[in-house]
Amino acid sequence: MSFEFQVEATSGPARRGRLITPHGEVETPVFMPVGTLASVKGVSQDVLEQLGVQILLGNTYHLYLRPGVEQVRKLGGLHRFMAWPRAILTDSGGFQVFSLSELRKVTEDGVTFRSHLDGSQHVFTPESAMEAQIGLGADIIMAFDECTEHPADPPRVRQSMELTLRWAERSKKYFEAHKHEVPWNHVGSAEFADKTQALFGIVQGGMDPALRKESAERTVEIGFPGYAIGGLSVGEPRQLTREIVGSTIEHLPADQPRYLMGVGTPEEIVEYSGLGIDMMDCVLPTRAARHGLLFTSEGKISIKQARYAGDQGPLDPNCSCRVCTRYSRAYLRHLYASNEVLAQVLNTVHNLSFYLDTMRAVRHSIALGDSPHSLSEVWSRLKP
Ligand SMILES: [Zn+2]
Numbered sequence: 025m026s027f028e029f030q031v032e033a034t035s036g037p038a039r040r041g042r043l044i045t046p047h048g049e050v051e052t053p054v055f056m057p058v059g060t061l062a063s064v065k066g067v068s069q070d071v072l073e074q075l076g077v078q079i080l081l082g083n084t085y086h087l088y089l090r091p092g093v094e095q096v097r098k099l100g101g102l103h104r105f106m107a108w109p110r111a112i113l114t115d116s117g118g119f120q121v122f123s124l125s126e127l128r129k130v131t132e133d134g135v136t137f138r139s140h141l142d143g144s145q146h147v148f149t150p151e152s153a154m155e156a157q158i159g160l161g162a163d164i165i166m167a168f169d170e171c172t173e174h175p176a177d178p179p180r181v182r183q184s185m186e187l188t189l190r191w192a193e194r195s196k197k198y199f200e201a202h203k204h205e206v207p208w209n210h211v212g213s214a215e216f217a218d219k220t221q222a223l224f225g226i227v228q229g230g231m232d233p234a235l236r237k238e239s240a241e242r243t244v245e246i247g248f249p250g251y252a253i254g255g256l257s258v259g260e261p262r263q264l265t266r267e268i269v270g271s272t273i274e275h276l277p278a279d280q281p282r283y284l285m286g287v288g289t290p291e292e293i294v295e296y297s298g299l300g301i302d303m304m305d306c307v308l309p310t311r312a313a314r315h316g317l318l319f320t321s322e323g324k325i326s327i328k329q330a331r332y333a334g335d336q337g338p339l340d341p342n343c344s345c346r347v348c349t350r351y352s353r354a355y356l357r358h359l360y361a362s363n364e365v366l367a368q369v370l371n372t373v374h375n376l377s378f379y380l381d382t383m384r385a386v387r388h389s390i391a392l393g394d395s396p397h398s399l400s401e402v403w404s405r406l407k408p
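Going by the numbering used here, the first residue of the sequence shown is number 25, and it counts up by one from there.
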């Protein structure tokens, strides 16, 4: 088997488990740091390993434009190219075509778009998005979908959901025919001889629980080893996100992984784990870090504020990361105010540590049979 998911403990709807991928095991629920361009901005791969990152996310849209899929393939695939031996997931490129590119045009066949880099014209179809993701060679890849905009009227949501279902079938068909083209069979490596990637389906259906149910059931009918919930965190109120997540999960198989795309804050990742989500990703911890916004067990801190200029205390007294155990708030504030590159590095390392520790605490609490409810509750267990 190339891919497996094992549920090891449950507590209410929450589950603790393990994804087994060709590039190692991933403990779930997991938060996946985003490495858009084959790099988690500011943090080297050896540090990511020391932080305990077991899976990273790469963005197909960005890597397709630069350095190009063929280049990555020739260099042995994403793992070898970026010297990352652990698991990787790539998105299908769909969401970013919708959010970043200009002049996109959606037809039955796919999406025509212009690069945000140089305005050049490209086409993504379910087939070409699979071809790109097979060439990049992540362990988990995503079906090509249309992320329905919000708000959208009911006929539009249905039409978009139907398109995503037809694209899911085409994605699977292309993947099944080409999955052995993954660039893992490096010279002298028998380890990956028969291993293939895992293709996940994506549930859409806007903010309508009935359409979410239908999308979930019909996507499960097509059949994938895991399912993502897409089209959320697109500007809707958080209460609605929670309701739609809850109403989608009940129609997904209990023995397969569930991936909620594009969330969230530390509070949200705890909460969604409590609802039974197994995988999440978001640029928030890394992007916020680069803007001096730091998540701590005592709330959010904007390190640029003058009040930290003479503060000798650690960023977060409850955090045992390499930044909090070594540097003061005063020093971090100075680095940020001086626009030092090290500010971005240290801020990102702390925020990622905070997210990873939060997920460790969540998994621990599920293993104890204690469903995780809130961030402060899971962190109270970590305090010395
Ligand atoms: Zn820290």
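Even for Gly, the Cβ is constructed at its ideal location relative to N, Cα and C.
| Check | Outcome |
| --- | --- |
| Residue list, Cβ distance to ligand 1 heavy atoms smaller than 7 Å | L339, D340, C343, C345, V347, C348, H374, S377, F378 |
| Buried/exposed call for V77, threshold 16 Cβ in 10 Å | buried |
| M303 - partner residues in DSSP beta bridges | V54, Y283 |
| Local Cβ density within 10 Å of S125, reported as buried at 16 or more and exposed below that | buried |
| One or two residues paired with Q30 in a DSSP bridge | R42 |
| Buried versus exposed, by CB contacts within 10 Å (16 or more), R40 | buried |
| Q69 versus L75 - alpha carbon distance | 10 Å |
| Outcome for A107 when other beta-carbon atoms lying within 10 angstroms are tallied against a minimum of 16 | exposed |
| Contact set for K219: own chain, Cβ-Cβ below 7 Å, skip 5 residues either direction | S26, P46, W208 |
| N- and C-terminal bounds of the beta strand (DSSP E) containing K324 | 323-326 |
| Distance between A192 and P150 (C-alpha atoms, nearest Å) | 8 Å |
| Beta-ladder partner(s) of M248, from DSSP | The amino acid occupying residue 248 in the given sequence is Phe; Met does not appear at that position. Answer by DSSP bridge pairing: none, since F248 is not bridged. |
| Where the alpha helix (DSSP H) through Q120 begins and ends | 118-124 |
| Simplified DSSP assignment, three categories, for Q221 | coil |
| Nearest to R346 (by Cα), restricted to the options D381, A367, V373 | V373 |
| Proximity below 9 Å, CB of V58 to CB of T310 | yes |
| Per DSSP, the bridge partner or partners of S35 | A38 |
| Backbone secondary structure at Q145 - three-state DSSP | strand |
| Close Cβ partners of L406 (< 7 Å) along its chain, the five nearest in sequence each way excluded | N342, D381, A385 |
| Cβ-based neighbour list, L102, same chain, cut-off 7 Å, excluding 5 preceding and 5 following | A62, G82, V96, I112, L160, G161, A162 |
| Distance between D302 and Q280 (C-alpha atoms, nearest Å) | 9 Å |
| Cα-Cα separation between Y360 and A214, rounded to whole angstroms | 47 Å |
| Residues that K129 bridges to, as DSSP identifies them | T136 |
| Residue ranges of each alpha helix (DSSP H) within the region 56-118, 4 or longer | 69-75, 84-89, 93-98, 102-105 |
| Cα-Cα separation, I253 to S184 | 15 Å |
| Residue environment, G66, which counts as buried when at least 16 other CB atoms sit within 10 Å | buried |
| According to DSSP, residues forming a beta bridge with F319 | K324 |
| Endpoints, the alpha helix (DSSP H) within which M185 is located | 178-202 |
| I165 and F216 closer than 9 Å at C-beta | no |
| V244 to Y296 span [Cα, whole Å] | 21 Å |
| Beta-carbon separation (whole angstroms), F148 vs F168, contact threshold 8 Å | 7 Å |
| 9 Å Cβ cutoff met for D340 and A354 | no |
| Assigned secondary structure, E173 (DSSP; H/G/I helix, E/B strand, else coil) | coil |
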